[in-house]
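Asker: Those protein sequence lines, which keep their order, are chains A and B.
Residues 1 to 103 (the working numbering) are what the first sequence spells out, left to right.
Residues 1001 to 1237 (the working numbering) are what the second sequence spells out, left to right.
Mind having a look at this structure? Questions to follow.
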Amino acid sequence: MTHPTGGLSDVVHQRHRLGILTIAAEATRVEFTYLKNALELTGGNLNRHLAVLEDAGMVALEKAIEGRRPKTWVVITRAGRGALAAEIAALEELVRRHRAQQA
Amino acid sequence: MTEFEPDGLLRDVEALRRRARSDRHAFRLPLLYFGAFTLGTAPLYALAYAAHTPPEDGSADGVTTGFTSWLLARETWLDLVWLAGLAAGAVLTVWWYRRHGDSAGIQTSARGPATTWAVAGVAPLIWFLAPLVSLFVWFLWPLFVRNTFGLLALAFGLIALARTERSRHLWIVTLLYTAAAAPAVVYDMQNMYYRLFHLFGFTPETMPYGPLQGSPVLLPGLILLVGGLAARKESRA
Chain A
1 MTHPTGGLSD VVHQRHRLGI LTIAAEATRV EFTYLKNALE LTGGNLNRHL AVLEDAGMVA
61 LEKAIEGRRP KTWVVITRAG RGALAAEIAA LEELVRRHRA QQA
Chain B
1001 MTEFEPDGLL RDVEALRRRA RSDRHAFRLP LLYFGAFTLG TAPLYALAYA AHTPPEDGSA
1061 DGVTTGFTSW LLARETWLDL VWLAGLAAGA VLTVWWYRRH GDSAGIQTSA RGPATTWAVA
1121 GVAPLIWFLA PLVSLFVWFL WPLFVRNTFG LLALAFGLIA LARTERSRHL WIVTLLYTAA
1181 AAPAVVYDMQ NMYYRLFHLF GFTPETMPYG PLQGSPVLLP GLILLVGGLA ARKESRA
């Protein structure tokens, strides 16, 4: 049986990227500013994390002009949902093993 | 003792999930609208009852003629009212969720529940719109004979909305509503109210039969209204 760390993805395991996927998975789409505030990130930092996730095919970015303001909406892809589910499962398995060892 | 990292990550994930879920919830307005609409249909059932009750002076019923008579005779108009109310509610819900999503920055699509309301609302009209199809679903007639199928159509859409929203509050309201609405679709709930009124001294001669015809929709409507009022007001919508 493989160790649960094998289920951790370098792309998803980073705390903020995990947060982006978690929020995006809860909604049809989520706006850039919402993510920035929820994750307490600067715009530049969030952009970098989004670029990593977009390159990995885990999120898609939709740019739109609403009113006079440009908005960027983030949509999680099927691959993103799969990766998030695998990450959560791996983390839960790690916690379970850790608790079993402590007991 | 330092915290085990996966434990902290999972806790963060859960907190973010809860916050996102709470921020995107926008079911208060649909609950209030459908609650008010459901209660608003109560007088219409009394009207339909009155249209079938011969005048006490024994004269012929001269109020209904032509198309009106056709509609009243079949009480199809009640199904049409429900369809119009459900369709309006579907449009309102989609618009509201879009507006709320734009302003909150986190969007939920209400297309699934809206489609359910519109499609289920048409179901009672199948007997007139597609008589051939109705031959294959004749066994469903008990659901349509009381012209209260709209209550069930509304429940289907609410279930779809509760699944989309993943809200415990909405699930509780939906289940209570469905539990109150389903008997009103398959049973003459007026009988319960007749018995209740009888306990308070009403006799068959003094029983307010007309107004009580709307009683089946009262409890489901009230549940939605109270559920809507008790729901947290969307802060940024």
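Virtual Cβ for every residue (Gly too), placed ideally from N, Cα, C.
(1) So, helix, strand or coil for A/Glu66, using DSSP?
(2) At the 8 angstroms Cβ level, is B/Arg1017 part of the contact set with chain A, yes or no?
(3) Identify the continuous beta strand (DSSP E) that holds A/Glu31 and give its terminal residues.
(4) Determine whether the beta carbon atoms of A/Val59 and A/Ala24 lie at a separation below 8 angstroms.
(5) For the region 81–95 of chain A against the region 10–27 of chain A, do three or more pairs of beta-carbon atoms, one drawn from each stretch, fall closer than 8 angstroms, so that the two count as touching?
(6) Going by CA-CA distance only, name the one from B/Pro1211, B/Ala1088 and B/Arg1146 that's closest to B/Ala1181.
(7) Checking the sheet assignment: what are the DSSP bridge partners for A/Trp73?
(8) For A/Glu40, is the classification buried or exposed, using 16 other Cβ atoms within 10 angstroms of its Cβ as the cut-off for buried?
(9) Examine chain A for any beta-carbon lying closer than 8 angstroms to the beta-carbon of B/Asp1012, and answer yes or no.
(10) Establish whether the CB of A/Arg15 and some CB of chain B are separated by less than 8 angstroms.
(11) Anything in the region 18–36 of chain A with a Cβ closer than 7 angstroms to a Cβ of chain B? List those residues in chain order, please.
(12) I need the DSSP call for A/Gln102, collapsed to helix, strand or coil.
(13) Going by other Cβ atoms of all chains shown within 10 Å of its Cβ, with 16 needed for buried, is A/Phe32 buried or exposed?
(14) Kindly indicate which three-state DSSP category A/Gln14 falls into: helix, strand or coil?
(15) With 8 angstroms as the threshold, decide whether the Cβ of B/Thr1203 is near any Cβ in chain A.
(16) Taking Cβ-Cβ distances shorter than 8 angstroms, what residues in chain B pair up with A/Ala38?
(17) Buried or exposed: A/Leu94, going by 16 or more other Cβ atoms within 10 Å of its Cβ?
(18) Going by beta-carbon coordinates alone, are B/Phe1128 and B/Thr1076 separated by less than 8 angstroms?
(19) What do you get for A/Gly43, buried or exposed, if any count of 16 or more other CB atoms within 10 angstroms of its CB means buried?
(20) Contact criterion: CB-CB distance below 8 angstroms. Does A/Leu95 meet it with respect to chain B?
(21) Any idea what DSSP makes of B/Gln1213, helix, strand or coil?
(22) Please report the straight-line C-alpha distance between B/Ala1060 and B/Tyr1209, rounded to a whole angstrom.
Answerer: Looking at the coordinates:
(1) strand
(2) yes
(3) Arg29 to Glu31
(4) yes
(5) yes
(6) B/Arg1146
(7) A/Glu31 and A/Glu62
(8) exposed
(9) yes
(10) yes
(11) Leu18, Gly19, Thr22, Ile23, Glu26, Ala27, Thr28, Arg29, Val30, Glu31, Thr33 and Tyr34
(12) helix
(13) buried
(14) coil
(15) no
(16) Leu1016, Arg1019 and Ala1020
(17) buried
(18) yes
(19) exposed
(20) In the sequence as displayed, the identity of residue 95 of chain A is Val instead of Leu. Cβ-Cβ to chain B under 8 angstroms: yes for A/Val95.
(21) coil
(22) Unreliable placement is indicated for B/Ala1060, whose pLDDT of 48 sits below 50; no coordinate value is reported for it.
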